[in-house]
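Residue numbers (this note's numbering): 11 to 480. Just so it is clear, CB atoms sit at the ideal spot from N, CA and C, and this is done for glycine as well. Inspection log for the structure reproduced underneath, given as structure tokens.
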């Protein structure tokens, strides 16, 4: 089946895509922030942080109130976004420290690989964090997962967002760089765009390091917050404004190239914010989870619900709001729908095409969204959302967390063996802060949802790769 025929046959295929099917497919830009909280943007309710370009972007598109990361921490969330799969299935269980054997295996298919095969130019610029190192034998890089051009770091910008020295460009060290990470990755992206054939569709995966610690912000942006107390709070606020300004420059580039109307742009975050200053040097972490319980590393809403904004002129109603739940695992099938290709990966996909949600239409998911994390700060190790309802699964004896963070091989028993034995039930529409456990008031719903969560948890545990056999 040809692209045009397949595109028109998609269930609920958007009229704007059908109209464009006679020309080239749309460009795709995915912008991902690091530790940006649900409440960290002005357009999501922050009373002080100035994000004028993102506010304008939201006014031009649709704001998703119920947008989710694929996990409450970095590497698993990114794996979910790139593959369209629950991160457990892809074998990414926690954040990946330098030198770790855990990485996104070659057997996994990324959205970039599928788009590249269909004729797209592809670029990754920024934080990757899906391997233990760009030069480790047997491990993959962005280039192995479909990005023809890549300008990436293994994890955070080092020594900070200012003047980083650890970027790799297409396999070769880029050396010491001047400026701030947000500007540097946008500069790379715009330079790449300027060298493309204007007739070729492109996909850009832009991954900001901000506002993850160690925070460093431009002085003119810090001065926007003279009344912030303590002073390092101003540094954090400015770090979010740093994203805003750099992202705005990218949008300006699309406008100058005449590509606004034929480009789908999605802006989001990899997980909830750092808020409790859990460790040394995290003193600049002043992220806001908005009205939600928890933070980064929690499976409560504050750890997984994140800002989400999409703009696709002719498809999104300017200034609209969608309350349809969407998740970053939906990126791969959505990108394929935009390109008019089948999301053929040979593996189980958990995401779906969310283009109908641009108009606040419901999504008919085969299975409810679920999240699985063996090493959380809170008690739940897995949660599932079905409509307005969310169930949290907790081991009978949760015990201590394996560690404060990084994955180790000895944790595989916990990854593969932890069971869900007791459950809490919340209505997110009436109780977004997850304060009132309704498990005893809704026994039939509790039984149905707990059985569904246990089935899904056992399924993804069984599928996930055991790194002891790597």
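Where residue i falls, given that 16 or more other Cβ within 10 Å makes a residue buried
i           : result
residue 317 : buried
residue 93  : buried
residue 476 : exposed
residue 60  : buried
residue 15  : Because residue 15 carries a pLDDT of 38, less than 50, the predicted location of this residue cannot be relied on, and no value is offered for it.
residue 450 : exposed
residue 327 : exposed
residue 472 : exposed
residue 482 : Because the chain here runs from 11 to 480, residue 482 falls outside it and cannot be looked at.
residue 355 : buried
residue 207 : exposed
residue 138 : buried
residue 117 : exposed
residue 478 : exposed
residue 260 : buried
Euclidean distance between Cα positions of residue i and residue j
i           : j           : result
residue 437 : residue 62  : 33 Å
residue 240 : residue 295 : 12 Å
residue 31  : residue 251 : Only weak support is given to the placement of residue 31: the predicted model assigns it a pLDDT of 45, under 50, and the value that follows is read from those uncertain coordinates. Residue 31 and residue 251: Cα-Cα distance of roughly 37 Å.
residue 12  : residue 125 : Unreliable positioning characterises residue 12 in this predicted model, as indicated by a pLDDT of 39, which lies under 50. The coordinate reading is nonetheless provided below. Approximately 15 Å, taken between the alpha carbons.
residue 55  : residue 86  : 27 Å
residue 303 : residue 284 : 13 Å
residue 386 : residue 405 : 12 Å
residue 188 : residue 154 : 28 Å
residue 99  : residue 394 : 16 Å
residue 169 : residue 435 : 43 Å
residue 84  : residue 370 : 28 Å
residue 216 : residue 352 : 24 Å
residue 123 : residue 158 : 9 Å
residue 439 : residue 307 : 23 Å
residue 325 : residue 277 : 16 Å
residue 419 : residue 152 : 24 Å
residue 199 : residue 192 : 11 Å
residue 379 : residue 340 : 10 Å
residue 245 : residue 47  : 16 Å
residue 34  : residue 270 : 14 Å
residue 221 : residue 309 : 20 Å
residue 49  : residue 381 : 21 Å
residue 388 : residue 305 : 9 Å
residue 363 : residue 336 : 10 Å
residue 167 : residue 219 : 7 Å
residue 391 : residue 398 : 20 Å
residue 456 : residue 64  : 39 Å
residue 162 : residue 448 : 45 Å
residue 223 : residue 76  : 26 Å
residue 446 : residue 194 : 45 Å
residue 182 : residue 127 : 24 Å
residue 160 : residue 114 : 16 Å
Which residues DSSP lists as bridging residue i, in chain order
i           : result
residue 161 : 135 and 179
residue 319 : 73 and 277
residue 381 : 393
residue 78  : 315 and 337
residue 115 : DSSP output for residue 115 lists no bridge partner at all.
residue 433 : 403
residue 172 : 190
residue 326 : 323
Residue i: first and last residue of the uninterrupted alpha helix (DSSP H) it sits in
i           : result
residue 248 : 241 to 266
residue 467 : 453 to 473
residue 346 : 341 to 349
residue 199 : 191 to 204
residue 312 : 311 to 314
residue 121 : 121 to 127
residue 439 : No alpha helix (DSSP H) contains residue 439, which DSSP labels as neither H nor E.
residue 88  : 84 to 93
residue 232 : 229 to 232
residue 418 : Note, residue 418: premise wrong, no alpha helix (DSSP H); not H, not E.
residue 427 : 422 to 427
Extent of the continuous beta strand (DSSP E) to which residue i belongs
i           : result
residue 332 : 330 to 332
residue 490 : Outside the displayed span of the chain (11 to 480) sits residue 490, for which this structure offers no information.
residue 214 : 212 to 217
residue 400 : 399 to 404
Inter-residue CB distance, residue i and residue j (contact presumed, cutoff 8 Å)
i           : j           : result
residue 212 : residue 37  : 5 Å
residue 79  : residue 319 : So it is not a contact: roughly 14 Å between Cβ atoms.
residue 90  : residue 97  : 5 Å
residue 348 : residue 263 : Incorrect: roughly 20 Å between the Cβ atoms, too far for contact.
residue 331 : residue 95  : The Cβ separation is near 28 Å, so there is no contact.
residue 171 : residue 232 : The pair is not a contact, with the Cβ atoms about 12 Å apart (cut-off 8 Å).
residue 121 : residue 345 : 5 Å
residue 71  : residue 108 : With a Cβ gap of about 37 Å, residue 71 and residue 108 do not count as contacting.
heavy atom of the ligand SAH below 8 Å from residue i C-beta
i           : result
residue 208 : As presented, the structure is devoid of all ligands, the ligand SAH included, so that no description of it is given.
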